[in-house]
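Using my numbering, the letters of the sequence shown correspond one by one to residues 7 to 262.
Using N, Cα and C, we set each Cβ at its ideal position, and we do this for glycine too.
It should be emphasised that the depicted structure is a prediction, and the values quoted were computed from it without experimental measurement.
Reading through the structure tokens given below for one structure.
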Amino acid sequence: MEAILKDPAGAVIGLDFDGTLSPIVPDPAAAVIHPKAPAVLAELGRHVLAVAIVTGRPPATALELGPGLADVPGLVILGHYGFERWENGQISAPPPPPGVPRAEAELQLLLDELGLRGVTIEDKARAVAVHTRRSPDPEGALDRLREPLARLADKHGLVVEPGRMVLELRPPGMDKGQALSLFLAERAARSVLFAGDDLGDLAAFEAVRASELPGVTVCSGSAEVAQLAERADIVVDGPDGVVALLEELASAFSRS
């Protein structure tokens, strides 16, 4: 943290969205950013090299669920694990992978065959997610889905990304770690902080360490994912804790 405080102009602040800037909710479409987050990120954006949100969500969805994010100075959203990018009001991305809609077309039949109730499908355009949080037995449903979804992903040239009561089918070749590494190199960053809450953020933690830059990893703690807390430099209490930490940073920058 010392390097970030001494040289904020060289620092990249990387953040996951769900569970980090936004509390986890049963219906992903009902998620909303922490009310203090946009203002805090805007203040950080005035001091640091870049603020980057690295998420499995499409950038347009993150912006929709995060009113005020578009006004954060220099904000970059690396959505779909880095396949899609929002910057300066523009979204850039390669063509959507054909395997995703094909897999999605088979998902409802698969759920019906397994007799799983309360399991929902989220169309993320470049990925498709299967959520079990609203099932009568979320953990049991997740376990029953692992092998069938792995076979379905393999059939359509996709990979399965596990998360908090969710399994996501997405194209291979990019993850949050790769997205963050490429961004750090692009910006010639001199230090980095990354905050996340879920298994998909482990790759970003590893990217911070592999970068050989002065770096800090922050876990937005929950009872659902212990692995991240074990590898984090700092553990805070969910999105409230993340925002409080970012407020402390912004305050320190303003005083210097």
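Beta carbon of residue i nearer than 8 Å to that of residue j
i	j	result
Ala210	Val60	yes
Ser141	Ser187	no
Val166	Leu148	no
Gly244	Gly227	yes
Val198	Leu219	yes
Val134	Ala109	yes
Leu208	Arg170	no
Pro107	Glu90	no
Asp22	Asp204	yes
Gly202	Thr26	yes
Ala131	Pro102	yes
Gly16	Ala195	yes
Candidates the options, of which the one nearest residue i by Cα
i	options	result
Glu174	Arg63, Ala201, Val57 and Pro101	Arg63
Trp92	Pro104, Gly105 and Val78	Val78
Arg176	Asp129, Asp239 and Ala191	Asp129
Leu50	Val18, Gly25 and Val31	Val18
Met7	Pro73, Arg139 and Thr223	Thr223
Arg193	Leu81, Ala43, Ala48 and Ile30	Leu81
Val172	Leu164, Arg152 and Phe189	Arg152
Leu122	Arg132, Ala131 and Thr138	Thr138
Glu253	Ala45, Ala232 and Leu164	Ala45
Arg215	Gln233, Ala229, Val231 and Leu190	Leu190
Cut-off 7 Å between Cβ atoms - residues of its own chain near residue i, not counting five sequence neighbours on either side
i	result
Ala185	Val60, Leu84, Tyr87 and Gly88
Glu112	Leu158
Glu212	Gly183
Pro14	His53, Val54 and Phe259
Val136	Leu113, Val125, Ile127, Leu151, Leu155, Val172 and Leu173
Ser28	Ala37, Val38, Ile39, His40, Leu71 and Pro245
Glu230	Arg170
Local Cβ density within 10 Å of residue i, reported as buried at 16 or more and exposed below that
i	result
Gly105	buried
Val31	exposed
Ser257	exposed
Asp24	buried
Leu115	exposed
Leu11	exposed
Same chain only: Cβ atoms within 6 Å of residue i, ignoring 5 sequence neighbours per side
i	result
Asp239	Val222 and Thr223
Gly72	Ile39
Asp181	Tyr87 and Ala209
Gly20	Ala58, Val60, Leu186 and Phe200
My parser needs the alpha helix (DSSP H) runs of 4 or more residues fully inside the stretch 156 to 199; what are they? Whole alpha helix (DSSP H) segments, 4+ residues: 182 to 193.
Would you list, in sequence order, the uninterrupted beta strand (DSSP E) runs of no fewer than 3 residues that lie entirely inside the stretch 48 to 90? For the stretch 48 to 90, whole beta strand (DSSP E) runs of length 3 or above, ordered along the chain, are 56 to 60 and 82 to 85.
Which parts of the stretch 201 to 232 are runs of the alpha helix (DSSP H), unbroken and 4 residues or longer, counting only runs that do not cross its ends? For the stretch 201 to 232, whole alpha helix (DSSP H) runs of length 4 or above, ordered along the chain, are 208 to 216.
Threshold first: 4 residues or longer. Then list the alpha helix (DSSP H) segments lying entirely within the stretch 105 to 147, N to C. Restricted to the stretch 105 to 147, the alpha helix (DSSP H) segments that are unbroken, complete and at least 4 residues in length are 105 to 120, listed in chain order.
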